[in-house]
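> 1 is the number of the first residue of the sequence shown in the UniProt record's numbering; add one for each residue after it. Heads up, the beta-carbon is just placed ideally off N, CA and C, and yes, glycines get one too.
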Amino acid sequence: MEKKTKYFTLGILGGFGIVAIVIAILMFIPLVSMVTGPNTVAVIPVVGEIGYGASSENLTVANPDVFSKMMDEANNDPSVGAIVLDINSPGGSPVAGEEMLEKVNSSKKPVIARISDTGASAAYMVASGADEIVASPSSWVGSIGVILTLSDLSEYYNKQGIDIYSITGGKYKDMGADYRNLTSEEKNMLQTMIDEQYDYFIKVVAQNRHLSVDYVKKIAEGRPYTGQQGLNISLVDRLGGKDYAIDLAANKSNMSYYNVIDYGTGFGFLGI
Numbered sequence: 001m002e003k004k005t006k007y008f009t010l011g012i013l014g015g016f017g018i019v020a021i022v023i024a025i026l027m028f029i030p031l032v033s034m035v036t037g038p039n040t041v042a043v044i045p046v047v048g049e050i051g052y053g054a055s056s057e058n059l060t061v062a063n064p065d066v067f068s069k070m071m072d073e074a075n076n077d078p079s080v081g082a083i084v085l086d087i088n089s090p091g092g093s094p095v096a097g098e099e100m101l102e103k104v105n106s107s108k109k110p111v112i113a114r115i116s117d118t119g120a121s122a123a124y125m126v127a128s129g130a131d132e133i134v135a136s137p138s139s140w141v142g143s144i145g146v147i148l149t150l151s152d153l154s155e156y157y158n159k160q161g162i163d164i165y166s167i168t169g170g171k172y173k174d175m176g177a178d179y180r181n182l183t184s185e186e187k188n189m190l191q192t193m194i195d196e197q198y199d200y201f202i203k204v205v206a207q208n209r210h211l212s213v214d215y216v217k218k219i220a221e222g223r224p225y226t227g228q229q230g231l232n233i234s235l236v237d238r239l240g241g242k243d244y245a246i247d248l249a250a251n252k253s254n255m256s257y258y259n260v261i262d263y264g265t266g267f268g269f270l271g272i
């Protein structure tokens with residue numbers, strides 16, 4: 001019984017010892033980084049539709065609030081020398097995309113955007129703020145444009161014998177409701193708003209990519225391009241995969257030997 005008690009006590013002490021060592025390492029690494037300089041590339045995911053919702057089993061969302069926290073963490077970590085945005089997104093909310101772009105533009109550390117399958121629309125807006133954009137030859141990039149889709153189900157409701165009553169305060173309050181079509185005035189109003197957003201999108205890309213507004217307007221038109229086509233028209237800087245983008249980011253921060261921490265998985269690994 002006495003031996004068991006001793007072993008139990010030793011086990012507890014050993015457990016505390018391991019915890020103490022882990023804590024010491026976690027405290028020591030940032031201190032070492034402050035002396036020797038950064039030695040880590042942070043990979044931040046931009047995956048799924050860009051918007052303010054939460055990811056679920058059937059839907060992955062690139063939330064700007066989560067993205068902002070990751071960017072802040074990477075920028076405030078002295079061991080992180082550069083950031084890679086791992087993008088696979090068809091786009092989404094323009095406002096959410098603008099929030100994410102603001103974080104990219106304000107980064108204190110080099111940012112490389114890596115587009116895997118897709119970096120389109122609002123996702124390309126986010127990528128445009130990076131120091132360089134890397135894509136695969138078959139990636140889909142660009143799609144610089146804005147879309148608003150509304151449905152007119154008035155005939156369906158009539159056939160189903162459904163009467164809809166709408167009491168509004170304001171002439172345009174039910175504009176876009178599916179129980180009636182838009183008036184010509186309303187169509188013009190919405191088109192003006194879409195055109196304004198489109199012009200803003202073009203100006204943002206032109207500024208971030210150091211291109212003229214006229215040139216971006218010419219190649220935009222909501223059109224997607226392959227990564228190879230994007231390289232040919234200056235929407236992409238280099239062709240390559242994730243490892244290439246990480247190595248490029250490390251070089252931007254003058255790290256010949258570096259670690260990689262993937263904020264999407266929480267796992268770290270070594271690079272060269």
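1) How long is the line joining the alpha carbons of residue 193 and residue 256, rounded to whole angstroms?
2) For residue 92 versus residue 49, is the C-beta distance shorter than 8 Å?
3) Report the option in 110, 79 and 125 whose CA atom is closest to the CA atom of residue 98.
4) Using the Cα positions of residue 221 and residue 37, report the straight-line distance between them to the nearest angstrom.
5) Answer yes or no: do residue 227 and residue 139 have a C-beta to C-beta separation smaller than 8 Å?
6) Between the Cα of residue 90 and those of 142, 182 and 203, spot the shortest distance and give me the residue it belongs to.
7) Taking Cβ to Cβ, would you say residue 87 is nearer than 8 Å to residue 263?
8) Closest to residue 80 by CA distance: which of 47, 105 and 110 is it?
9) Going by beta-carbon coordinates alone, are residue 82 and residue 253 separated by less than 8 Å?
10) Decide if residue 288 is buried, meaning its Cβ has at least 16 other Cβ atoms within 10 Å, or exposed.
11) Between the alpha carbons of residue 260 and residue 67, how many angstroms are there, rounded?
12) Which of the three DSSP states is assigned to residue 153 in this structure?
13) For residue 198, does the count of other Cβ atoms within 10 angstroms reach 16, so buried, or fall short, so exposed?
14) For the beta strand (DSSP E) containing residue 84, list its first residue and its last residue.
15) Below 8 Å on the Cβ atoms is my guess for residue 113 versus residue 130; work out the distance and round it to an integer in Å.
16) Short of 7 Å in beta carbon distance, which residues of its chain neighbour residue 244, apart from the five on each side in sequence? Order them along the chain.
17) Who are the Cβ neighbours of residue 208 in its own chain at under 6 Å, not counting the five residues just before and after it?
18) Return the Cβ separation of residue 154 and residue 172 in integer angstroms, given the expectation that the two are a contact with Cβ distance under 8 Å.
19) Could you give the first and the last residue of the continuous beta strand (DSSP E) run that contains residue 142?
20) In whole angstroms, what separates the C-alpha of residue 33 from that of residue 40?
Straight from the coordinates:
1) Along the sequence shown, read from residue 1 onward, the residue named residue 193 stands at position 193. Along the sequence shown, read from residue 1 onward, the residue named residue 256 stands at position 256. Computed Cα separation, rounded: 49 Å.
2) Residue 92 sits at position 92 when you count from the first residue of the sequence shown. Residue 49 sits at position 49 when you count from the first residue of the sequence shown. Remark: C-beta atoms of residue 92 and residue 49 approach each other more closely than 8 Å.
3) Counting from one through the sequence shown, the residue named residue 98 turns up at place 98. Shortest Cα-Cα distance from residue 98 to any of 110, 79 and 125 involves 125.
4) Along the sequence shown, read from residue 1 onward, the residue named residue 221 stands at position 221. Along the sequence shown, read from residue 1 onward, the residue named residue 37 stands at position 37. Roughly 44 Å between the two C-alpha positions.
5) Walking along the sequence shown from the start, residue 227 turns up at place 227. Walking along the sequence shown from the start, residue 139 turns up at place 139. Yes, they are a contact pair.
6) Counted from its first residue, the sequence shown places residue 90 at position 90. The option with the nearest alpha carbon to residue 90 is 142.
7) Position 87 of the sequence shown, counted from the first residue, corresponds to residue 87. Position 263 of the sequence shown, counted from the first residue, corresponds to residue 263. Result no, Cβ atoms of residue 87 and residue 263 do not sit closer than 8 Å.
8) What you label residue 80 is simply residue 80 of the sequence shown in a count that begins at 1. Selected option, being the one with the closest Cα: 110.
9) The residue given as residue 82 occupies position 82 in the sequence shown. The residue given as residue 253 occupies position 253 in the sequence shown. Yes.
10) Because the chain spans 1 through 272 in this model, residue 288 falls outside it and cannot be assessed.
11) Taking the first residue of the sequence shown as position 1, residue 260 is located at position 260. Taking the first residue of the sequence shown as position 1, residue 67 is located at position 67. Going by C-alpha positions, residue 260 is about 18 Å away from residue 67.
12) Stepping through the sequence shown from its first residue, residue 153 is reached at position 153. Of the three classes helix, strand and coil, the one that applies to residue 153 here is coil, per DSSP.
13) The count along the sequence shown starts at 1 and reaches residue 198 at position 198. Residue 198 sits buried, since 16 or more C-beta atoms from the chains shown fall within 10 Å of its C-beta.
14) To locate residue 84, count along the sequence shown from 1; it is residue 84. That run of the beta strand (DSSP E) goes 80-89.
15) The residue you call residue 113 lines up with position 113 of the sequence shown. The residue you call residue 130 lines up with position 130 of the sequence shown. Here residue 113 really is in contact with residue 130; their C-beta atoms are around 4 Å apart, less than 8 Å.
16) Taking the first residue of the sequence shown as position 1, residue 244 is located at position 244. These residues qualify, in order along the chain: 134.
17) Here residue 208 corresponds to residue number 208 of the sequence shown, with the count starting at 1. The residues are 128 and 129.
18) Position 154 of the sequence shown, counted from the first residue, corresponds to residue 154. Position 172 of the sequence shown, counted from the first residue, corresponds to residue 172. Not really, about 18 Å apart at Cβ, beyond 8 Å.
19) In the sequence shown, counting from the first residue as 1, residue 142 sits at position 142. Counted as a single uninterrupted DSSP element, the beta strand (DSSP E) harbouring residue 142 occupies residues 140-142.
20) The count along the sequence shown starts at 1 and reaches residue 33 at position 33. The count along the sequence shown starts at 1 and reaches residue 40 at position 40. Only weak support exists for where residue 33 lies, its pLDDT of 47 falling under 50; the coordinates are left without a value.
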